[in-house]
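Okay, so here's the structure we're looking at.
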Amino acid sequence: MEFANSGYYKRTSPKLLYLLFLSFLSCSFILAPHLFSTNTSFSLLYSTMVENEGLAAEMDGGSSLKNYVAGVVEEGETEELEHEKVKPYTRKWEKSVMYTIDELQLIAKKDTLGMYHQCDVQHDVPAVFFSTGGYTGNVYHEFNGIMPLYITSQHFNKKVIFVMLDYHNWWITKYGDILSQLSDYPPIDFSGDKRTHCFPEVTVGLRIHDELTVDSSLMEGNMGIVDFQNLLDRAYWPRIRSLIQDEEQEAQEKLSASLTSESPLEIQNEVQEDQVRKPKLVIISRNGSRAITNENLLVKMAEEIGFEVNVLRPDPTTELAKIYRALNASDVMIGVHGAAMTHFLFMKPVSVFIQVVPLGTVWAAEEYYGEPARKLGLKYIGYQILTKESSLYDKYDKDDPVLRDPKSVTKMGWEYTKKIYLHGQTVRLDLGRFRKRLVRAYDYMFHRLNKHPHLQSQ
Numbered sequence: 001m002e003f004a005n006s007g008y009y010k011r012t013s014p015k016l017l018y019l020l021f022l023s024f025l026s027c028s029f030i031l032a033p034h035l036f037s038t039n040t041s042f043s044l045l046y047s048t049m050v051e052n053e054g055l056a057a058e059m060d061g062g063s064s065l066k067n068y069v070a071g072v073v074e075e076g077e078t079e080e081l082e083h084e085k086v087k088p089y090t091r092k093w094e095k096s097v098m099y100t101i102d103e104l105q106l107i108a109k110k111d112t113l114g115m116y117h118q119c120d121v122q123h124d125v126p127a128v129f130f131s132t133g134g135y136t137g138n139v140y141h142e143f144n145g146i147m148p149l150y151i152t153s154q155h156f157n158k159k160v161i162f163v164m165l166d167y168h169n170w171w172i173t174k175y176g177d178i179l180s181q182l183s184d185y186p187p188i189d190f191s192g193d194k195r196t197h198c199f200p201e202v203t204v205g206l207r208i209h210d211e212l213t214v215d216s217s218l219m220e221g222n223m224g225i226v227d228f229q230n231l232l233d234r235a236y237w238p239r240i241r242s243l244i245q246d247e248e249q250e251a252q253e254k255l256s257a258s259l260t261s262e263s264p265l266e267i268q269n270e271v272q273e274d275q276v277r278k279p280k281l282v283i284i285s286r287n288g289s290r291a292i293t294n295e296n297l298l299v300k301m302a303e304e305i306g307f308e309v310n311v312l313r314p315d316p317t318t319e320l321a322k323i324y325r326a327l328n329a330s331d332v333m334i335g336v337h338g339a340a341m342t343h344f345l346f347m348k349p350v351s352v353f354i355q356v357v358p359l360g361t362v363w364a365a366e367e368y369y370g371e372p373a374r375k376l377g378l379k380y381i382g383y384q385i386l387t388k389e390s391s392l393y394d395k396y397d398k399d400d401p402v403l404r405d406p407k408s409v410t411k412m413g414w415e416y417t418k419k420i421y422l423h424g425q426t427v428r429l430d431l432g433r434f435r436k437r438l439v440r441a442y443d444y445m446f447h448r449l450n451k452h453p454h455l456q457s458q
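Structure below.
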């Protein structure tokens, strides 16, 4: 697993932002940043006409807080009843990143005068508050935020407004297609929108079930990971359809030009070849650390086995719809352990995911990608490399713990693991050894695609 670099740990300076929860009998939330003096954290105030009922808050697995609010509040005219602090970020067990997340203060107050506050915007749907800070910038952690957002909000059936701390325009651009499938309303920038917003109900923070997964037993209607995938289908299909139309037009133009140069027999042979489906293999390529240095030979071997090979080189600017299209249409994916393996979420169940596991990454590869892939219904193969397949083999003595006992090195801490095994290692596959896994994947997918057994010599 790749954690964000130090740039993602930057502490944001405190801003003048306070939130009020208001109404009379119905519930209401009010965002009114102009009412209060400067403070080092954001405040959410809950107030009620009834005697002390507290925050009526419900903690879920230590990762979220749900708050139903009612009442009327004015500064200086209320009595504080209860005070709760929360950081609306899912990975509460990771103290180093939680330090960077802005804190919300939930303050329950009893109204004594029965006065109402003026709302600039009166909403009739609930709000969900969450942070896009922390490890944002790493696709693994971004989807470990997107999936909890789905878990927390899907039961609202899009009748919900997202209020975002650490609002980033690039994040909205990158994940706007998914957000539009979860909410019918534009998100609110928590620190940038200075109007007073009133909501009937508020959820602060997100629920997380596990790494890159949705536990259907904990969801309303038993919604699961496949339902999340269906949401991705709906999110990306309009863009994919546009890409297909452009490609079909280009192909039609090329076909028209080729008809004048190809004989009818050549065209007939091409059609007959297309009737037998080749399994599609996508190789997620890396540059630098954990790159497969003999990738060109891997591609050649895969083509000789019978695969239709596509080498994908995603970077932070690559359009997600294009990655989704490539992997959703693939039958097998190969990649070296790292954040880009998160894209297994784009593959259809029963597809094959082969993760190349470098030295020192066995536990993380299984925990963060292997087990979630199985839960999705993928056929998962973890290819643990031998020491001779690692570039570290040429850097260290054969008896060095780095090669002989990676667990003892990783126990020394994250900085050692990152420096040696994540940033300091490349992979040169033993193609004879790797071929056996690849042939098994080919035979399995060829049989599924063409509905009859296919024997492939090794």
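According to the UniProt record's numbering, the sequence shown is numbered sequentially starting from 1.
Even for Gly, the Cβ is constructed at its ideal location relative to N, Cα and C.
Assigned with DSSP and collapsed to three states, PHE346 falls in helix. In the DSSP assignment, PHE446 forms no beta bridge with any residue. TYR185 and ASP124 have their C-alpha atoms some 12 Å from each other.
Partner residues in a beta bridge of PHE190, as assigned by DSSP, do not exist.
Taking a C-beta distance under 8 Å as the contact criterion, ILE385 and PRO406 do not qualify as a contact pair. Straight through space, the alpha carbons of GLU367 and PRO349 are spaced by roughly 19 Å. Runs of the beta strand (DSSP E) lying entirely within the stretch 352–382, each at least 3 residues long, are 352–357 in chain order. Ranking TYR380, PHE446 and THR152 by CA distance to the CA of ARG277 puts PHE446 first. A direct Cα-to-Cα measurement between GLU84 and PHE129 gives close to 15 Å. The straight-line gap separating the alpha-carbon atoms of ASP215 and LYS395 is approximately 43 Å. For LYS280, the enclosing beta strand (DSSP E) stretches over residues 280–284. About 5 Å separates the beta carbons of ALA339 and VAL139, which is inside the 8 Å limit, making them a contact pair. LYS280 sits buried, since 16 or more C-beta atoms from the chains shown fall within 10 Å of its C-beta. Distance from the CA atom of ARG433 to the CA atom of GLU308, rounded to whole angstroms, is 21 Å. Taking a cut-off of 8 Å on C-beta distances, the stretch 157–175 does not touch the stretch 236–252, as fewer than three cross pairs fall below it.
Of the candidates SER191, ALA235 and GLY424, the residue whose Cα lies closest to the Cα of TYR324 is ALA235. By the criterion of a C-beta distance shorter than 6 Å, LEU231 is surrounded in its chain by GLN181, once the five residues flanking it on both sides are discounted.
Contact annotation: the stretch 295–302 does not touch the stretch 245–255, with fewer than three C-beta pairs closer than 8 Å.
Between the beta-carbon of THR410 and that of THR417 there is about 5 Å, and that keeps the pair under the 8 Å contact cut. According to the DSSP secondary-structure assignment, GLY335 is paired through a beta bridge with ILE284 and GLN355.
Classified as exposed, MET412 has fewer than 16 neighbouring CB atoms from the shown chains inside 10 Å of its CB. The C-alpha of SER285 lies about 45 Å from the C-alpha of GLU201.
Under the DSSP assignment, ALA291 falls outside any alpha helix (DSSP H); it carries neither an H nor an E label. The beta carbon of GLY192 sits closer than 7 Å to those of TYR167, all from its chain and outside the five residues before and after it, given in chain order. If you look at GLU250, you'll find it in the alpha helix (DSSP H) that goes 225–258. Taken in chain order, the complete alpha helix (DSSP H) segments of 4 residues or longer contained in the stretch 168–224 are 169–182. Residue burial annotation: GLN118 is exposed, with fewer than 16 other C-beta atoms found within 10 angstroms of its C-beta. In the DSSP assignment, SER131 falls within the unbroken beta strand (DSSP E) covering 127–131. Contact between VAL332 and ILE354 is confirmed by a C-beta separation of about 7 Å, below the 8 Å threshold.
With a 10 Å radius around the Cβ and a threshold of 16 neighbouring Cβ atoms, ILE244 comes out exposed. Distances from the CA of LEU206 to each of ASN222, CYS198 and ALA127 were compared; the closest alpha carbon is that of ALA127.
Counting C-beta atoms within 10 angstroms of its own C-beta, THR317 has fewer than 16 neighbours from the protein chains shown and is therefore classed as exposed. For LEU165, no alpha helix (DSSP H) run applies; the uninterrupted beta strand (DSSP E) run containing it begins and ends at 161–165, by DSSP. Shown here for ILE188: same chain residues with a beta carbon closer than 6 Å to its own, the five before and five after excluded, namely VAL163 in chain order. Distance between ARG195 and GLY221, taken at the CA atoms: about 36 Å. Runs of the alpha helix (DSSP H) lying entirely within the stretch 390–447, each at least 4 residues long, are 401–404, 406–410 and 414–417 in chain order.
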